[in-house]
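Chain order of the listed sequences is A and B. Under the working numbering, think of the first position of the first sequence as 183, with each following residue one higher. Under the working numbering, think of the first position of the second sequence as 380, with each following residue one higher.
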Amino acid sequence: DAGVTQTPRHEVAEKGQTIILKCEPVSGHNDLFWYRQTKIQGLELLSYFRSKSLMEDGGAFKDRFKAEMLNSSFSTLKIQPTEPKDSAVYLCASSHNAEQFFGPGTRLTVL
Amino acid sequence: GEQVEQLPSILRVQEGSSASINCSYEDSASNYFPWYKQEPGENPKLIIDIRSNMERKQIQELIVLLDKKAKRFSLHITDTQPGDSAMYFCAASVWGTGYQNFYFGKGTSLTVIP
Numbered sequence: 183d184a185g186v187t188q189t190p191r192h193e194v195a196e197k198g199q200t201i202i203l204k205c206e207p208v209s210g211h212n213d214l215f216w217y218r219q220t221k222i223q224g225l226e227l228l229s230y231f232r233s234k235s236l237m238e239d240g241g242a243f244k245d246r247f248k249a250e251m252l253n254s255s256f257s258t259l260k261i262q263p264t265e266p267k268d269s270a271v272y273l274c275a276s277s278h279n280a281e282q283f284f285g286p287g288t289r290l291t292v293l
Numbered sequence: 380g381e382q383v384e385q386l387p388s389i390l391r392v393q394e395g396s397s398a399s400i401n402c403s404y405e406d407s408a409s410n411y412f413p414w415y416k417q418e419p420g421e422n423p424k425l426i427i428d429i430r431s432n433m434e435r436k437q438i439q440e441l442i443v444l445l446d447k448k449a450k451r452f453s454l455h456i457t458d459t460q461p462g463d464s465a466m467y468f469c470a471a472s473v474w475g476t477g478y479q480n481f482y483f484g485k486g487t488s489l490t491v492i493p
């Protein structure tokens, strides 16, 4: 049974670029989460979908971060425009019956 | 929103001894408490969890205790091994209401000294 998959695993962007991160949740999981992880802030919620509906858009991240879930098996996170402070690991997770499982993450570096 | 405090942030123990990590939460509606282990360069992995209808759960060397009255839960790793060295995160969640969010602690860096 495949776990959560994320692509790309690494991304390097110039300041001001648009980048799109991709995630495929575990089949059958209704909840999908996007997090940003840094050493200083830890895990920060960016977006939360339940059955493809956006439930939480992460407040402070609204202006340049946009997550979409066009179908139950695929989600994207767009960052536009990127800034150096966006350098972090972006984790996608899906959950079922309360248990949440993380993907391998995308390490983003913004120059 | 919910705040989860996790202590200590750094923990060093001798191989074979026990390690304990403590978390506290604010929302009395929280009813699901997972623990994650994250090794360098890897994603967080669910290692054990406890729901609010239990006070204690054990999986091999891992023991989780939940005190709902005090709003505290803890992870105890018995007979630690070097392979237990990693970051550990606790989380609190309200589940079963049609909406689930996870509030994470800041993490504990555990080093097991051989």
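Just so you know, even glycine gets a beta-carbon here, dropped at the ideal spot from N, CA and C.
Close-in-space but distant-in-sequence residues of the same chain around residue i (CB under 6 Å, 5 per side omitted)
i      : result
A:T258 : I202, K204 and E250
A:V271 : Q219, G287 and R289
Reduced DSSP secondary structure (H/G/I, E/B, other) of residue i
i      : result
A:A242 : helix
A:P207 : coil
A:K197 : coil
B:D406 : coil
B:P413 : strand
B:D463 : helix
B:D458 : coil
A:K267 : helix
B:T360 : An answer regarding residue 360 of chain B cannot be provided, because it is not within the stretch 380 to 493 covered by chain B.
B:A398 : strand
A:E281 : strand
B:G470 : Note that residue 470 of chain B corresponds to Ala in the displayed sequence, not to Gly. DSSP places B:A470 in strand when its eight states are reduced to three.
Buried versus exposed call for residue i [16 or more other C-beta atoms within 10 Å across all chains shown]
i      : result
B:A449 : exposed
B:L445 : buried
A:L293 : exposed
A:L273 : buried
A:T264 : buried
B:Q417 : buried
A:D245 : exposed
B:I426 : buried
B:D458 : exposed
B:V491 : buried
Straight-line Cα distance separating residue j from residue i
i      : j      : result
B:L454 : B:N401 : 7 Å
B:L441 : B:D463 : 11 Å
B:I456 : A:D268 : 35 Å
A:L227 : B:V443 : 25 Å
A:Q262 : A:F243 : 11 Å
Contacts around residue i, its chain only, beta-carbon distance under 8 Å, and the 5 residues preceding and following it disregarded
i      : result
B:G484 : V383, E384, Q385, C402, F468, C469 and A470
A:G185 : V208, F283 and G285
B:S472 : S409, N410, Y411, F412, P413, Q479, N480, F481 and Y482
A:L236 : S229, Y230, A249 and M251
In chain order, what residues of the region 242-270 of chain A put their CB closer than 7 Å to some CB of chain C?
-> Absent here is chain C; the protein component of the structure consists of chains A and B.
Can you find at least 3 beta carbon pairs, one from the region 277-286 of chain A and one from the region 383-400 of chain B, that sit closer than 8 Å?
-> no
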